[in-house]
Amino acid sequence: MLLALVVVSIALWSSGCAVDLSFPPGFLFGSATSAYQVEGAWNVSDKGESIWDRFTHSQSGNEDGSTGDVATDSYHQWERDMEVAANLSLDYYRFSLSWTRILPNGFANYISEDGKRYYNQLIDGLLAKGIQPVVTIYHWDLPQRLQDLGGWTNPYITDWFADYADVVFSLFGDRVKTWITINEPMLFCDGAYTNTFHLAPGVVDREGVYLCGKNAMVAHGKAYRVYQKKYKAQYNGKLSLSNQLVWYEASTEEDEVWLDIAQQYSYGRFSHPIYSKEGGWPPVIEDHMRNKSSSEGFHQSRLPEFTDEEKELVKGTFDFYAINHYTSRAVRKRRPGEPHGGFPLTGAPDLDLLFERRPDWTEGNEWLYIYPEGLRRMLGWLRDQYGDIPILITENGFSTAEDSLEDHDRVQYYRRYLEQVLLAIKEDGVNVIGYTAWSLIDNFEWMDGYKTKFGLCHVNFSDPLRTRTLRRSGRFYADVIKRRTLDLDSDYRNYEF
Ligand code: NOJ
């Protein structure tokens, strides 16, 4: 206990200030998963096919053939998840709805009874344990039928999504008070369409990136307006969209000039339309893309512009900012002849910039370089750009390649990133209202399948029951939550569910 306190205090001291290690009253702690990553039961009852079902079942899916067909089997084992959540004493559990479990053919004209039943029991089960549901409406598992009609590149998706959102608000809005409309458009637009990440639908087309990005912004705006008009007065819930934000710093002093455009391209593109006073794309990105498109012979910007009406529709459609953050990168200009890299981890081809690990950052696992101060700076950047809005950290966490229950590196990651959250709140005055650990349990990590583990809780994937066992990091997080401080005892036990 004393040792842990000394270590944390030294870390805070060395970062420039001694800070009280307790979290402010009312600060919320949660953990998260998403439907495709945990539910399994991909074809039970009348559930329709999603792009992830199609993608993982095809030759072009994951190299090792992994799928979410069973995943952690949370469709059947959801009560085990509840027990884990209750054992951690979570204030809330963030999970997502599977569009095709609720609307099997993608459209709102037919609602599945089984889909309703499944999510009603999940929500009621959480509430019975005193855990608030935080619900993501879209976490990447688009109905295949809508993909066949162009998916996120077809502007009509903005209405299909708003109709879907309308259905789920009407079904669950009486009990769900915090909604995330869409999770990480940057990943399913830029990441997928450029193949930086091998993600469904497996369509690679650099023009798809910006069509998808604009439609995601408008879809979010329309869903928010539906809630505002039809449900807000009665249910009084809060809504946002969650953005994946990689913190960028300049590689050297000379690279400082590239920083603003890198940040606006990455954060501003999915924030400025919603959180700025003017709405629409960040001007520096709009100008850059217009000029670049014209120099490439296009008659219109590859970044489709917002009409005035669309700007008004999307602007202001938030009740808080939702940030997912894991890692940081150093930015520099690409030298002639160097490969372009892939956005957002190794480069931004449309900006001619490259992103790298700064030598003093710990390597971590694969893409997840460890730089805890990056989270504090990221939170400060958001406040400086968009004002003093409440910020909910909707994801933060660390992956490992090993299965170990004694995940000291993950405990360390959580401890150090949480310290930075405290510093952002106490030293910088950023209004951070809560923190979500990704992930509650090991799950299907998209293109990495089951090779990469993010869980506070280990899942035995060879066991048909998918037994869950809390890791050391889970016990650490439970202690943080119970005591509302980082001043902790490090003697944690294992629990089986
Ligand atoms: C962000 C995504 O929202 C989530 O689905 C994913 O598993 C984590 N990052 C970790 O990569």
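In this note's numbering, the protein residues as written are 10 to 506. Here a beta-carbon is modelled for each residue, glycine too, at the ideal position from N, C-alpha and C.
| query | result |
| --- | --- |
| For Val468, which three-state DSSP category applies? | strand |
| Any heavy atom of the ligand NOJ closer than 7 Å to the beta-carbon of Glu454? | yes |
| Quick one: grab the DSSP three-state call for Thr162. | helix |
| Quick one: which unbroken beta strand (DSSP E) runs of 3-plus residues sit fully inside the stretch 118–178? Chain order, please. | 141–147 |
| Spatial neighbours of Trp87 within its chain, please: C-beta separation below 6 Å, excluding the five flanking residues on both sides. | Leu131 |
| Per DSSP, Glu258 is paired with what? | Ala339 |
| If I follow the unbroken alpha helix (DSSP H) through Trp267, where does it start and stop? | 265–275 |
| Which first and last residues belong to the beta strand (DSSP E) in which Gly39 is found? | 37–41 |
| Apart from the five residues on each side of it in sequence, which residues of its chain come closer than 7 Å, Cβ to Cβ, to Tyr127? | Tyr84, Arg110 |
| Using C-beta distances below 6 Å, list every residue in its chain close to Leu254, excluding the 5 sequence neighbours before and after it, in chain order. | Tyr276, Ile332, His334, Met387 |
| Apart from the five residues on each side of it in sequence, which residues of its chain come closer than 6 Å, Cβ to Cβ, to Thr81? | Val47, Ile450, Asn452, Val468, Arg475 |
| Looking at Asn405 and the ligand NOJ, is the gap between the Cβ and the nearest heavy atom below 7 Å? | no |
| I need the straight-line Cα distance from Met456 to Gln243, nearest angstrom please. | 41 Å |
| Spell out a yes or no on whether the stretch 310–328 and the stretch 215–228 are touching, meaning 3 or more CB-CB pairs, one atom from each, closer than 8 Å. | yes |
| Here's the rule I'm using: 16 or more other beta-carbon atoms within 10 Å means buried, otherwise exposed. How should Lys460 be labelled? | exposed |
| Quick one, are the C-beta atoms of Gly182 and Tyr240 less than 8 Å apart? | yes |
| How big is the Cα-Cα spacing for Pro399 and Arg385? | 15 Å |
| At a Cβ threshold of 8 Å, is Val293 touching chain C? | No chain C appears in the structure shown, which is made up of a single protein chain. |
| Using the three-state DSSP reduction, which class does Tyr444 fall into: helix, strand or coil? | strand |
| Does at least one heavy atom of the ligand NOJ sit under 7 Å from the Cβ of Trp51? | no |
| At which residues does the alpha helix (DSSP H) containing Ala228 begin and terminate? | 215–239 |
| Measuring only from the beta carbon, is Glu287 closer than 7 Å to any heavy atom that is part of the ligand NOJ? | no |
| Consult DSSP for Lys324 and reduce its assignment to one of helix, strand or coil. | coil |
| Here's the rule: buried if 16 or more other CB atoms are within 10 angstroms of the residue's CB, otherwise exposed. What is Asn300? | exposed |
| Considering only C-alpha positions, which residue in the set Arg278, Gln68, Asp172, Trp256 is nearest to Arg234? | Asp172 |
| If contact is defined by three or more beta carbon pairs under 8 Å, each pair taking one atom from either stretch, is the stretch 347–361 in contact with the stretch 196–206? | yes |
| What is the DSSP secondary structure of Glu360, reduced to helix, strand or coil? | Rather than Glu, the amino acid found at residue 360 in this sequence is Leu. Residue state, collapsed to three classes: helix. |
| For Glu382, which three-state DSSP category applies? | helix |
| The beta strand (DSSP E) spanning Asn114 covers which residue range? | Counting along the chain, Asn114 falls outside any beta strand (DSSP E), and DSSP gives it neither H nor E. |
| Let me make sure I understand the geometry here. Which of Tyr119, Ala44, Val93, Glu428 has the alpha-carbon closest to that of Ile191? | Ala44 |
| Pop quiz: Ser408 and Lys342 are said to be a contact at Cβ under 8 Å. What is the actual Cβ separation, rounded to whole angstroms? | The pair is not a contact, with the Cβ atoms about 30 Å apart (cut-off 8 Å). |
| Rounded to the nearest angstrom, how far is the Cβ of Val79 from that of Pro142, given a contact under 8 Å? | So it is not a contact: roughly 24 Å between Cβ atoms. |
| Tell me, please, whether the stretch 475–487 touches the stretch 411–420 by the rule of three or more beta-carbon pairs shorter than 8 Å. | yes |
| Is Arg299 helix, strand or coil when you go by DSSP? | helix |
| Candidates Lys320, Asp90, Trp169, Leu155: which alpha carbon is nearest Leu135's? | Asp90 |
| Less than 7 Å separating the Cβ of Glu193 from some heavy atom of the ligand NOJ? | yes |
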